[in-house]
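This report refers to the structure that appears directly beneath it.
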Amino acid sequence: MTSPLQLTASTLVVDLEGTTSAAGFILGDLYDYARPRLGAWLDDHADDPDVATARAQVIAEAGLPADASTDDVVAVLHGWMASDVKATPLKTLQGQIWALGFERGEISSHFFDDVIPKLRAWHMAGVGLAVFSSGSVTSQVPWFRHSPDGDLTPLITDYFDTVSAGPKKVATSYDAIATALGLEASALVFFTDNPEEVTAAQTAGWQVVAFSREGEPFFGDDFGTAPVVGSFDEVDVVAPVPPVAPAVAGATA
């Protein structure tokens, strides 16, 4: 058996879709849950500032008239879902709908079998764990709270999305995350299955591990210079050893 890839990092930041969790589950079960609820959600939560902002963003990005109907807005959202467009207003609305679905027990999250045991082990070993996903933070938190193996939120220190950090394929987003975490880029490692995200994180000076899982959208793609694995079991992440304070001359026990 090949020895695991050895990395030293203060914090591991994970992508979700295709990395910790099956894209087919998100694009299937969760999208199917949100799709028929979008119209009612827009109308019933019209006074919610986040919903109002999301609606305005859809209208602006799609070039709809300012007084576009809910049906017109939903048609755009459905089109984005069909093409898996990572649009921020779509992620905002989906995240709110999914959060309620998780709370009601109508949906649950998915993780590959190799993921949760390793997250628990790295957390116990002192490695910080954070999330960077195109899905909104509103959906990320309940995703980890309602895992098949119980509440995982105690393991996660920080959550980032395209609103709080920026687009995932842009290096400055990773700069923003490093600043928010108070860490140098070299102290961070990002796990992702997307080749463009690999490039962006590397450009920002991060360590990166590319995931090529059979059956996932980017399986077998070219990940450039990044190490490529197919499972969390193929990686070992350890926390840096704190520096030892120098002995003070003349000190006594």
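Residues in the sequence shown are numbered consecutively from 5, following our numbering. Here a beta-carbon is modelled for each residue, glycine too, at the ideal position from N, C-alpha and C.
Query raised in the report: GLY99 and SER151: beta carbons closer than 9 Å?
Result: Taking the first residue of the sequence shown as 1, we reach residue 99 at position 95. Taking the first residue of the sequence shown as 1, we reach residue 151 at position 147. No, the Cβ-Cβ distance between GLY99 and SER151 is not below 9 Å.
Query raised in the report: When the distance is taken between beta carbons, is SER7 closer than 9 Å to PHE116?
Result: Residue 116 sits at position 112 when you count from the first residue of the sequence shown. Residue 7 sits at position 3 when you count from the first residue of the sequence shown. Contact: no.
**Report entry** Local conformation of THR6 per DSSP, three classes
**Finding:** As a first step, residue 6 must be located in the sequence shown, where it is residue number 2. THR6 falls in the coil class under three-state DSSP.
Query - Under the three-state DSSP convention, the category VAL17 falls into - result: To locate residue 17, count along the sequence shown from 1; it is residue 13. In this structure, VAL17 counts as strand in the three-state DSSP scheme.
Query - Closest residue to ALA79 among TRP102, ARG39, LEU104 and PRO171 (Cα-Cα distance) - result: Here residue 79 corresponds to residue number 75 of the sequence shown, with the count starting at 1. Among TRP102, ARG39, LEU104 and PRO171, the Cα nearest to that of ALA79 belongs to ARG39.
Query raised in the report: For THR196, which option in GLU220, ALA182 and GLY186 has the closest C-alpha, if you only look at C-alpha atoms?
Result: Indexing the sequence shown from 1 puts residue 196 at position 192. The shortest Cα separation from THR196 among GLU220, ALA182 and GLY186 belongs to GLU220.
Query raised in the report: Considering SER43, what are the terminal residues of the alpha helix (DSSP H) in which it resides?
Result: Taking the sequence shown and counting its residues from 1, one reaches residue 43 at position 39. The question names Ser, but residue 43 is Gly in the sequence shown. That run of the alpha helix (DSSP H) goes 42 to 48.
Requested in this report: Go ahead and pull the three-state DSSP assignment for VAL273.
Outcome: Shown here, the chain extends from 5 to 257; a query on residue 273 therefore has no answer.
Query raised in the report: Measuring CA to CA, which of PRO121, TRP126 and GLU107 is closest to GLN144?
Result: Residue mapping note: residue 144 aligns to position 140 of the sequence shown, counting from 1. Ranking PRO121, TRP126 and GLU107 by Cα distance to GLN144 puts GLU107 first.
Query raised in the report: According to DSSP, is VAL131 helix, strand or coil?
Result: Counting from one through the sequence shown, the residue named residue 131 turns up at place 127. It is coil, neither helix nor strand.
Query raised in the report: Do PRO146 and TRP102 have their C-beta atoms within less than 9 Å of each other?
Result: If you number the sequence shown from 1, residue 146 lands on position 142. If you number the sequence shown from 1, residue 102 lands on position 98. Against a cut-off of 9 Å, the Cβ pair of TRP102 and PRO146 comes out as a contact.
Requested in this report: State the CB to CB distance for the pair SER14 and PRO244, rounded to an integer number of angstroms; the pair is presumed to be in contact (CB under 8 Å).
Outcome: Start at 1 with the first residue of the sequence shown, and residue 14 comes out as number 10. Start at 1 with the first residue of the sequence shown, and residue 244 comes out as number 240. So it is a contact: roughly 6 Å between Cβ atoms.
Requested in this report: Using beta-carbon positions only, say whether VAL202 and VAL18 come within less than 9 Å of one another.
Outcome: The count along the sequence shown starts at 1 and reaches residue 202 at position 198. The count along the sequence shown starts at 1 and reaches residue 18 at position 14. In this structure, VAL18 does not lie closer than 9 Å to VAL202 by Cβ.
Requested in this report: Within the same chain, show all residues whose beta-carbon is closer than 6 Å to that of LEU16, passing over the 5 residues directly before and after it, in chain order.
Outcome: What you label residue 16 is simply residue 12 of the sequence shown in a count that begins at 1. Only VAL131, LEU133, VAL193 and VAL241 meet the Cβ criterion.
Query raised in the report: Using the beta-carbon count (16 or more within 10 Å), is GLU21 buried or exposed?
Result: For the purposes of this step, residue 21 is taken as the residue at position 17 of the sequence shown. So GLU21 ends up on the buried side.
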